[in-house]
Amino acid sequence: MIRQHNYHCTNPVQLQKAIKTILKSREYHTAKTVFLQVLTEFWGRNMIDANLRMIHKMLPKAVIAGMTNLNREIYSFAPNAMDNLRSRTSCVINVMYFEESEVCVHAFDCKKVTPLIAGGYMASILADEEDAKGVLLMTAFPGIAVDDYLTMAADGMVPFFGANGAANHELKEMKFTRRCRCVDVNLDGFGSFVYYVEKDKPVILSKGFLNVIFKGESLHIRTDYDFGWTAIGKKMLVTDVEDNHLVHTIDGQPASYIYKKYLGLNYDQLLLENVAEFPFVMQRGSRLIARTGYRVVDNEDALFFNSPIVEGEELRLSYGNPDQIFEESSLTAERVVDFGAQGLILAACGNRSVLLGEDVSIEHNMFRDAVPAFAMLHGNGEILFDSEGGGDLASVIISAAFREGDCNKEETSAAAMNFRQACPYRSRRTVPLVRRLLTFLSATSSELEEAVEDANAANAAKTMFLSSISHEIRTPINAVLGLDEMILRESREKDIRRYALDIQNSGRTLLS
């Protein structure tokens, strides 16, 4: 059995109170493994170090790991959220108590090794781990090569899920060197960090990968991926990209022109608030993968993408329909209930908050109804790599549901049915005009795509018909011309040769 709790703290007093509550709990003393995830916002390196030492001293049994997180984005719309949660010292403590499973931490400092080499090390570690069921992956440093790492570390059998750590400072605008290396902003000790406690000492990385391996014979982990955006418009080819992040041209035109053409946005308007609702999407395997482009200082033509994008890939713009997002999330939350989840970790994109506004609480509450004390990661991108592929993602919500032991399928199926019937989203009667318009747009776009597919199919059929009929005509014409050639060779009569030459000229014209 797994038990999960979380605590939202905005000052040191609340943090110490939360730690004391955990220490006094029965679960802390009876659990085989205690995993403590510390998610901080606007904490500098020194503050992280000091508090990790305090937490470890008070809770020596706990496996402690965490990352910098946008806590205010997650909980600001939640019911009964604390008014001052937007403060610069917010911290969320997520604790999971495992009766039978184990948790271990492995980290790689990418100031010392490349992501590919780190991924190779991680693959060898997983190969030696018995009963590894999943890996929570947290990263530090904007634009770190997550896909390179997963290429080496993940095989799809053991799912990787998590998020990229959020920058713990208010970035103004990104600047790049000629080779598109993101400037490593680390103002006064503030930055994007992952951290854990090893041998009684905190380890804090500003560029690297932090892996939390969950293992146990009775442990079960289910991962899901919810997108909710709909691709629209024609496919566009990435024609010039630098270091897989800085896109100069799309379809041979300046990359930023795409936003100008389709959204009417000028260079100085290429802000998150204007583009987050319309990410680019590409097909990778069975999944649609989203990418959001931002303006680049001193380069009005290019777009910067946090997650990698490859030259030669085909992109389409997309739009978000809240109803589709809620529908996907409600189905996933229902599957989590049917799975018999005892714990849940989510990783959600800020683009969803931009699109949904206060209604983002509707999506969160669906999962809260499934697992009341779920943990939420909200950083600089989401991570999922399982049997269906994946990688470094955006605009999605990732879920990883945990359970120890088998579940009673009759009970969980009944609970899932009750969940479906009680879902407030499904029982609503009035629908805002904007959502009805989006549904209309989705339906008409689908019809246009079907019409294009029908036209392409008809054109292909016409081409095949012409190819076949030309072949059928060519064969007898060649026979006629061959016999005519024999007449020209053997006949000496002028009239017959004149007729034969006419046949030859007409036949060659028809053949041509």
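Add 351 to a position in the sequence shown, counting from 1, and you land on the number used in the numbering used here. Ideal Cβ positions, reconstructed from N, Cα and C, are used throughout, including at glycine.
Which of the three DSSP states is assigned to E733 in this structure?
As a first step, residue 733 must be located in the sequence shown, where it is residue number 382. E733: strand per DSSP, three-state reduction.
Going by C-alpha to C-alpha distance, which of G636, I828, L622 sits closest to F655?
Numbered from 1 along the sequence shown, position 304 holds the residue referred to as residue 655. Out of G636, I828, L622, L622 has the C-alpha closest to the C-alpha of F655.
In chain order, what residues of the same chain have a beta carbon less than 6 Å from the beta carbon of I640, not counting five sequence neighbours either side?
Here residue 640 refers to the residue found at position 289 of the sequence shown. Result list for I640: M633, in chain order.
Decide if the segment 714-724 is in contact with the segment 610-620; the criterion is three or more beta carbon pairs, one per stretch, under 8 Å apart.
Fewer than three Cβ pairs drawn from the segment 714-724 and the segment 610-620 lie within less than 8 Å of each other, which leaves the two stretches out of contact.
Using the Cα positions of P673 and R642, report the straight-line distance between them to the nearest angstrom.
What you label residue 673 is simply residue 322 of the sequence shown in a count that begins at 1. What you label residue 642 is simply residue 291 of the sequence shown in a count that begins at 1. Rounded to the nearest whole angstrom, the C-alpha separation of P673 and R642 is 19 Å.
Tell me whether S863 is buried or exposed, calling it buried when 16 or more other Cβ atoms sit within 10 Å of its Cβ.
Counting from one through the sequence shown, the residue named residue 863 turns up at place 512. S863 comes out exposed.
Hey, which unbroken runs of the alpha helix (DSSP H) at 4 residues or more fall wholly within the segment 705-780?
Those alpha helix (DSSP H) runs which fall completely within the segment 705-780 and span 4+ residues are 711-721, 760-773, 775-778.
Nearest-angstrom Cα separation, counted from A809 out to G858
Here residue 858 corresponds to residue number 507 of the sequence shown, with the count starting at 1. Here residue 809 corresponds to residue number 458 of the sequence shown, with the count starting at 1. Straight-line Cα distance between these residues: approximately 30 Å.
Bounding residues of the beta strand (DSSP E) (the contiguous stretch that carries T643):
If you number the sequence shown from 1, residue 643 lands on position 292. T643: not part of any beta strand (DSSP E); DSSP gives it neither H nor E.
Under the DSSP definition of a beta bridge, which residues are partnered with F459?
In the sequence shown, counting from the first residue as 1, residue 459 sits at position 108. DSSP, once it has assigned bridges, lists F560 as partnering F459.
Please return the same chain residues whose Cβ sits closer than 8 Å to the Cβ of V509, not counting the five positions on each side in sequence.
For the purposes of this step, residue 509 is identified with residue 158 of the sequence shown, where counting begins at 1. A distance below 8 Å between beta-carbons, with the five flanking residues on each side excluded, links V509 to the following residues of its chain, in chain order: L477, A483, K484, G485, V486.
Grab the span of the alpha helix (DSSP H) containing S680 for me, first residue to last.
Here residue 680 refers to the residue found at position 329 when the sequence shown is read from its first residue. Taken as a continuous stretch (DSSP letters only), the alpha helix (DSSP H) holding S680 covers 673-690.
Straight-line Cα distance separating V548 from P354
The sequence position of residue 354 within the sequence shown is 3, counting from 1. The sequence position of residue 548 within the sequence shown is 197, counting from 1. Position check: residue 354 holds Arg in this sequence, whereas Pro was assumed. Cα-Cα distance, rounded: 22 Å.
Any idea what DSSP makes of S842, helix, strand or coil?
As a first step, residue 842 must be located in the sequence shown, where it is residue number 491. S842 falls in the coil class under three-state DSSP.
Check whether the segment 403-410 touches the segment 383-392, counting contact only when three or more Cβ pairs, one atom from each stretch, lie closer than 8 Å.
Yes: the two stretches touch, three or more of their Cβ pairs being nearer than 8 Å.
Can you tell me the Cα-Cα spacing of K586 and L666, whole angstroms?
Here the question's residue 586 lines up with position 235 in the sequence shown. Here the question's residue 666 lines up with position 315 in the sequence shown. Pairing K586 with L666, the inter-Cα distance amounts to about 5 Å.
DSSP three-state assignment for R492, whether helix, strand or coil
For the purposes of this step, residue 492 is identified with residue 141 of the sequence shown, where counting begins at 1. Note that residue 492 is Phe in the sequence shown here, rather than Arg. In the three-state DSSP reduction, F492 falls in the coil class, being neither helix nor strand.
Is it buried or exposed for M837, if we count other Cβ within 10 angstroms and need 16 for buried?
By one-based count along the sequence shown, residue 837 stands at place 486. Exposed, by the Cβ-count rule.
On the three-state DSSP scale, how would you describe H599?
Numbered from 1 along the sequence shown, position 248 holds the residue referred to as residue 599. In the structure shown, H599 sits in a strand (DSSP, three-state: E or B).
Going by DSSP, what residues sit across from F655 in a beta bridge?
The count along the sequence shown starts at 1 and reaches residue 655 at position 304. In DSSP, F655 forms a bridge with L597, Y645.
Quick check on A830: buried or exposed, where buried means 16 or more other Cβ atoms within 10 Å of its Cβ?
Working through the sequence shown from its first residue, we reach residue 830 at position 479. With fewer than 16 Cβ atoms within 10 Å of its Cβ, A830 is classed as exposed.
Below 6 Å CB to CB, which residues in the same chain sit around A369 once its five sequence neighbours on both sides are set aside?
Counted from its first residue, the sequence shown places residue 369 at position 18. Excluding sequence positions up to five before and after A369, its CB lies within less than 6 Å of the CB of Y358, C360, I444, all in the same chain and listed in chain order.
Pair within 7 Å by beta-carbon distance, L374 and P553
Residue mapping note: residue 374 aligns to position 23 of the sequence shown, counting from 1. Residue mapping note: residue 553 aligns to position 202 of the sequence shown, counting from 1. Between L374 and P553, the C-beta gap is not smaller than 7 Å, which leaves the two residues out of contact.
Whether F736 touches L501 by CB criterion (7 Å)
The residue given as residue 736 occupies position 385 in the sequence shown. The residue given as residue 501 occupies position 150 in the sequence shown. L501 is positioned such that its CB atom lies closer than 7 Å to that of F736.
Does H822 come out as helix, strand or coil in the three-state DSSP assignment?
Numbered from 1 along the sequence shown, position 471 holds the residue referred to as residue 822. Of the three classes helix, strand and coil, the one that applies to H822 here is helix, per DSSP.
Once DSSP output is grouped into helix, strand and coil, what is the label at A335?
In the structure displayed, the chain extends from 352 to 863; residue 335 sits before or after that span and is not available.
Please classify T795 as buried or exposed, where buried requires at least 16 neighbouring CB atoms within 10 angstroms.
Here residue 795 corresponds to residue number 444 of the sequence shown, with the count starting at 1. That one is exposed.
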